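**Q** I'd like to ask you about the structure that follows.
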Amino acid sequence: MTVDQGLAAALRHRRYLLSAWPWRALAYAVTTLPLAGAAALGATVVAAPLLLVAAALRRGRPVDAGALAALAVVALAVVALAPLAGAPVAAVERWRLGLVDDRPVTAPGWRGLAARFTTATGWREGAYLAVLGAAVPLAYGTFGLLVLLDAALVAGPWLAGGEDRIVLLWATVDSPAEAVPYALAGLLAVPALVYLAGLLVAVQAAVTRLLLDDAPAGTALREVTRSRARLVSAYEAERRRIERDVHDGVQPRLTSLTLQLGLARLDVPDDSPVAKPLAAAHEQAKELMGTLRGIVQGIRPPQLTELGLAAAVGDLAARSVVPVTVHADLTRPVPDLVETTAWYVVSETLGNVTRHAGAGRAQVRLTRTDRLLVVEVRDDGRGGADPARGTGLTGLADRVAAADGRLLLSSPPGGPTLVRVELPCRP
Amino acid sequence: MPSVTRVVLAEDEVLLREGLVGLLTRFGFAVDAAVGSAPELLDAVRTHRPDLLVTDIRMPPQHRDDGLRAAVTLRAERPDLAVVVLSQHVQSGYAAALLDSGDGNRVGYLLKDRVADVAEFAATLRRVVAGGTAVDPDVVRHLLRRPRDPLDALSPREREVLGLIAEGHSNAAIAGRLYVTEAAVGKHVGNILAKLGLPPDEDTNRRVLAVLAYLRAAG
Numbered sequence: 001m002t003v004d005q006g007l008a009a010a011l012r013h014r015r016y017l018l019s020a021w022p023w024r025a026l027a028y029a030v031t032t033l034p035l036a037g038a039a040a041l042g043a044t045v046v047a048a049p050l051l052l053v054a055a056a057l058r059r060g061r062p063v064d065a066g067a068l069a070a071l072a073v074v075a076l077a078v079v080a081l082a083p084l085a086g087a088p089v090a091a092v093e094r095w096r097l098g099l100v101d102d103r104p105v106t107a108p109g110w111r112g113l114a115a116r117f118t119t120a121t122g123w124r125e126g127a128y129l130a131v132l133g134a135a136v137p138l139a140y141g142t143f144g145l146l147v148l149l150d151a152a153l154v155a156g157p158w159l160a161g162g163e164d165r166i167v168l169l170w171a172t173v174d175s176p177a178e179a180v181p182y183a184l185a186g187l188l189a190v191p192a193l194v195y196l197a198g199l200l201v202a203v204q205a206a207v208t209r210l211l212l213d214d215a216p217a218g219t220a221l222r223e224v225t226r227s228r229a230r231l232v233s234a235y236e237a238e239r240r241r242i243e244r245d246v247h248d249g250v251q252p253r254l255t256s257l258t259l260q261l262g263l264a265r266l267d268v269p270d271d272s273p274v275a276k277p278l279a280a281a282h283e284q285a286k287e288l289m290g291t292l293r294g295i296v297q298g299i300r301p302p303q304l305t306e307l308g309l310a311a312a313v314g315d316l317a318a319r320s321v322v323p324v325t326v327h328a329d330l331t332r333p334v335p336d337l338v339e340t341t342a343w344y345v346v347s348e349t350l351g352n353v354t355r356h357a358g359a360g361r362a363q364v365r366l367t368r369t370d371r372l373l374v375v376e377v378r379d380d381g382r383g384g385a386d387p388a389r390g391t392g393l394t395g396l397a398d399r400v401a402a403a404d405g406r407l408l409l410s411s412p413p414g415g416p417t418l419v420r421v422e423l424p425c426r427p
Numbered sequence: 001m002p003s004v005t006r007v008v009l010a011e012d013e014v015l016l017r018e019g020l021v022g023l024l025t026r027f028g029f030a031v032d033a034a035v036g037s038a039p040e041l042l043d044a045v046r047t048h049r050p051d052l053l054v055t056d057i058r059m060p061p062q063h064r065d066d067g068l069r070a071a072v073t074l075r076a077e078r079p080d081l082a083v084v085v086l087s088q089h090v091q092s093g094y095a096a097a098l099l100d101s102g103d104g105n106r107v108g109y110l111l112k113d114r115v116a117d118v119a120e121f122a123a124t125l126r127r128v129v130a131g132g133t134a135v136d137p138d139v140v141r142h143l144l145r146r147p148r149d150p151l152d153a154l155s156p157r158e159r160e161v162l163g164l165i166a167e168g169h170s171n172a173a174i175a176g177r178l179y180v181t182e183a184a185v186g187k188h189v190g191n192i193l194a195k196l197g198l199p200p201d202e203d204t205n206r207r208v209l210a211v212l213a214y215l216r217a218a219g
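These protein sequence lines map, in sequence, to chains A and B. With the UniProt record's numbering as the guide, the letters of the first sequence map in order to residues 1 to 427. With the UniProt record's numbering as the guide, the letters of the second sequence map in order to residues 1 to 219.
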């Protein structure tokens, strides 16, 4: 079941009229009235010079220059104060928006008096006052007129007859019986009016969100992506730390322990009862050294720490069964996370080349552009690599996506295969 | 050549450094200095002029390949200095950097795991001091894994022998390891060199270098 988060979405539902939404819209509309009324006063003051001119023209009299100047000064003062007055009104409106919209609204913090006039937020809130004072009263007035007309239609049968004829819209009726069809039409129009009210409020809410929500949708999404990248970077820093701790602390001590056991074995005669368990301990410690080396390699390749990306990739190439040439053009430093991801991309891809491609040669190219590290691995094998048929490529794509990068694959049957990975390098 | 081999040791982890000093002393090496960083290592070798330098690769101050770079620098100053570097993991580039320093003699690149077999480790150090070359079996295995036509022509036994040659073993040592006669090894070696198109050479070390150079040449 989906839950509508706002009036606009709810309006599209068939059961709108039976839901709580029309009532929420009504509550919003009713609470709009005092605010819009107050704002309309301000709007009238701003419009006063125009009204004065219009009135003078209609009567054919000259405009009173002194009065016009005075009104203009007052109007400008009111406009200038709009960003200030906008702040408390906007606060109330953000809260009121919750009546018809369950999505959160971001309020800007108070950044001082000057900021009201120097930031877009201040002027957007001022502009909201203009909407509230001019557009809203007009729209509500028009709607109110429609409601009155409909009420008159419905009340027709009671009003008609008796002393006078009455006029309903375009028709004139003399008796209650004649008014009945109009009353029925009026009744039928009630749901339409409820919908219209909903639409009116939905538009008003949308304008309110547009002007008063300080976090547009795009920003929110970008923030989510950034925080994921930050999290992955934090993991990467943690891996680096663990690798260093194991390399500096655990591995040398294990080597030292194994060495001591080796020395002890020299002093124990072969027929001693200690000889066998000591030899077993020595062998186990040696095996553990190999195991631990494998684990460290999985946490973060030590080659990256010691040599940097270009040389570590060169090492991968040197170990590859298929001959590999490497071109590395890394003029600028590469962030840790990007470095590790690129290393795994090359390591996995060269592994695939060896296992599946039947290739005679492969080529690795690392290019650092302004904002990207581009890793390209191509081979002259049989092609036909399909992400759907194995988890290798998908796993690689996941890893690349975690670093905010993308993986592109071209592998027609018959080859050649090109894997291209683009990784963004944020400072 | 002096009867006692003098050594400078560099390893930043204290316990392991002491363990290595114990090992070296036990096998009759004289430890001139045991230090924990690359600059100290440079100083110690220039001051004491030892016969042999044994050093860790990743060390302060940068915790990258500082130890290796110091070793290569010292080899450039003193080509007769025997150097054995120890690494926590296989990195074929390190072996190459050492083999390219000086004439490629008197160098060794070993995983730290080899330290565990104390007697063999000591023997390897002696071999390097005597002018030999020691490359870790893991590195040799990586080199041998690459498919190249002449290598494919070798029998499994010959590949095994080739690996041991590359690690720096003499015919006698290879015979001991494979439980065969030295004459049998000599025959294998002759076949291998012929198949690879390398000149026959009685000098063990020149042979090692030739084989390593062959294996390292990018396929």
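Even for Gly, the Cβ is constructed at its ideal location relative to N, Cα and C. Here the structure is a predicted model, which is why all the values come from computation and not from measurement.
For the alpha helix (DSSP H) holding B/R157, just list the boundary residues, first then last.
**A** Where B/R157 is concerned, the enclosing alpha helix (DSSP H) stretches over P156 to E167.
**Q** Output, in sequence order along the chain, the residues in the stretch 279-298 of chain A whose CB is closer than 8 Å to any CB in chain B.
**A** Under the 8 Å Cβ criterion, the stretch 279-298 of chain A contributes H282, A285, K286, M289, G290, R293, V296 and Q297.
**Q** For a contact defined as C-beta to C-beta under 7 Å, what are the partners of B/D117 on chain A?
**A** Per Cβ cutoff of 7 Å: G262.
**Q** Can you tell me which of the three DSSP states A/P34 falls into?
**A** In this structure, A/P34 counts as helix in the three-state DSSP scheme.
**Q** Here's the rule: buried if 16 or more other CB atoms are within 10 angstroms of the residue's CB, otherwise exposed. What is residue 429 of chain A?
**A** Residue 429 of chain A cannot be examined here, being either before or after the span of chain A that is shown, 1 to 427.
**Q** Below 8 Å, how does it come out for the stretch 289-302 of chain A and the stretch 39-46 of chain B: are there three or more Cβ pairs, yes or no?
**A** Contact fails: fewer than three Cβ-Cβ distances are below 8 Å.
**Q** Which residue comes first and which comes last in the alpha helix (DSSP H) that contains B/H48?
**A** Here the alpha helix (DSSP H) through B/H48 covers A38 to H48.
**Q** Is it true that the CB of A/V45 sits closer than 8 Å to the CB of A/L78?
**A** For the sequence presented, residue 78 of chain A should be read as Val rather than Leu. Taking 8 Å as the Cβ cut-off, A/V78 and A/V45 qualify as a contacting pair.
**Q** Using only alpha-carbon positions, find the residue among A/R365, A/A10, A/L304 and A/A134 that is nearest to A/A379.
**A** In the sequence under discussion, the amino acid at residue 379 of chain A is Asp, which differs from the Ala named in the question. Ranking A/R365, A/A10, A/L304 and A/A134 by Cα distance to A/D379 puts A/R365 first.
**Q** Please name the residues in the UniProt domain "Histidine kinase/HSP90-like ATPase" (344-425) of chain A whose beta-carbon is closer than 7 Å to at least one beta-carbon of chain B, in chain order.
**A** Those would be none; no residue qualifies.
**Q** Tell me which residues share the same chain as A/P22 and place their Cβ nearer than 8 Å to its Cβ, disregarding the 5 neighbours each side in the sequence.
**A** Correct list, in chain order: Y16, V194, A197 and G198.
**Q** Opposite B/T55 in the DSSP bridges: which residues?
**A** Partner(s): B/A10 and B/V85.
**Q** Let me confirm a value: A/L231 is counted as buried when at least 16 other C-beta atoms fall within 10 Å, else exposed. Which label applies?
**A** A/L231 is exposed by the Cβ-count criterion.
**Q** Helix, strand or coil for A/D379? Go by DSSP, reduced to three states.
**A** Note: A/D379 maps to strand in three-state DSSP.
**Q** Beta carbons nearer than 9 Å to chain A: which residues of the stretch 18-30 of chain B have them?
**A** Of all residues in the stretch 18-30 of chain B, E18, G19, L20, G22, L23 and R26 have a Cβ within less than 9 Å of some Cβ in chain A.
**Q** If the criterion is Cβ atoms closer than 8 Å, does the pair B/T205 and B/G108 meet it?
**A** It is worth fixing the name first, because residue 205 of chain B is Asn in this sequence and not Thr. No, Cβ-Cβ distance for B/N205 and B/G108 is not below 8 Å.
**Q** How about A/T255: is its C-beta nearer than 8 Å to some C-beta of chain B?
**A** Closer than 8 Å to some Cβ of chain B, the Cβ of A/T255 qualifies, so yes.
**Q** Between the alpha carbons of A/M1 and A/Q363, how many angstroms are there, rounded?
**A** Confidence in A/M1 is poor, its pLDDT being 38 and thus under 50, which makes the residue's placement unreliable; the coordinate value appears in the next sentence. Answer to the nearest angstrom: the Cα atoms are 52 Å apart.
**Q** Taking the alpha carbon of B/P156 as the reference point, which residue from B/V85, B/L178 and B/G168 has its own alpha carbon closest?
**A** Closest option to B/P156, Cα to Cα, is B/L178.
**Q** Excluding the 5 residues flanking A/L129 on each side, which residues of the same chain have their C-beta closer than 7 Å to its C-beta?
**A** Contacts found: A39, G42, A82, A85, G86 and V89.
**Q** Could you say which of B/V8, B/D117, B/P39 and B/S37 lies nearest to A/A264 if we only look at CA atoms?
**A** A/A264 has its Cα closest to that of B/D117, out of B/V8, B/D117, B/P39 and B/S37.
**Q** Per DSSP, what kind of secondary structure is A/Q363 in: helix, strand or coil?
**A** Looking at A/Q363 - three-state DSSP - the assignment turns out to be strand.
**Q** Mapping the DSSP letters down to three states, classify A/L409 as helix, strand or coil.
**A** Here A/L409 sits in strand by DSSP.
**Q** Measuring straight from C-alpha to C-alpha, what distance separates B/G186 and B/A95?
**A** If you take the alpha carbons of B/G186 and B/A95, they lie about 27 Å apart.
**Q** Within its chain, find whatever has a CB closer than 8 Å to the CB of A/P269; leave out the 5 residues flanking it on each side and keep chain order.
**A** Result list for A/P269: A275, in chain order.
**Q** Which residue from A/A328, A/I299, A/L372 and A/T369 puts its Cα closest to that of A/Y344?
**A** Ranking the options by Cα distance to A/Y344, first place goes to A/I299.
**Q** If you count every other CB in all the chains shown that lies within 10 Å of the CB of B/T133, and 16 or more means buried, which is it?
**A** Buried is the call here.
**Q** Short check: CB of B/A82 to CB of B/D56, under 8 Å?
**A** No, the pair does not count as a contact, with Cβ atoms beyond the cut-off.
**Q** Cα separation between A/W95 and A/T31?
**A** Taking the straight line from one Cα to the other gives about 12 Å.
**Q** Bridge partners for A/R368 per DSSP, in chain order?
**A** DSSP lists A/L373 as partners of A/R368.
**Q** For a quick check, are the C-beta atoms of A/R209 and A/D101 less than 8 Å apart?
**A** Cβ distance < 8 Å, so A/R209 and A/D101 count as in contact.
**Q** Who are the neighbours of B/L15 on chain A, taking C-beta pairs under 8 Å?
**A** Per Cβ cutoff of 8 Å: P252, R253 and S256.
**Q** Examine the Cβ distances between the stretch 406-426 of chain A and the stretch 366-385 of chain A and report whether three or more of them are shorter than 8 Å.
**A** Contact holds: three or more Cβ-Cβ distances are below 8 Å.
**Q** Where do the ends of the alpha helix (DSSP H) carrying A/P104 lie?
**A** Careful: A/P104 lies outside any alpha helix (DSSP H) and carries neither H nor E.
**Q** Would B/R64 count as contacting chain A if we go by Cβ distances under 8 Å?
**A** Yes, its Cβ sits closer than 8 Å to a Cβ of chain A.
**Q** Under 6 Å Cβ to Cβ from A/A27, same chain only, skipping five residues before and after it: list those, please.
**A** Closer than 6 Å at Cβ, skipping near neighbours: L99.
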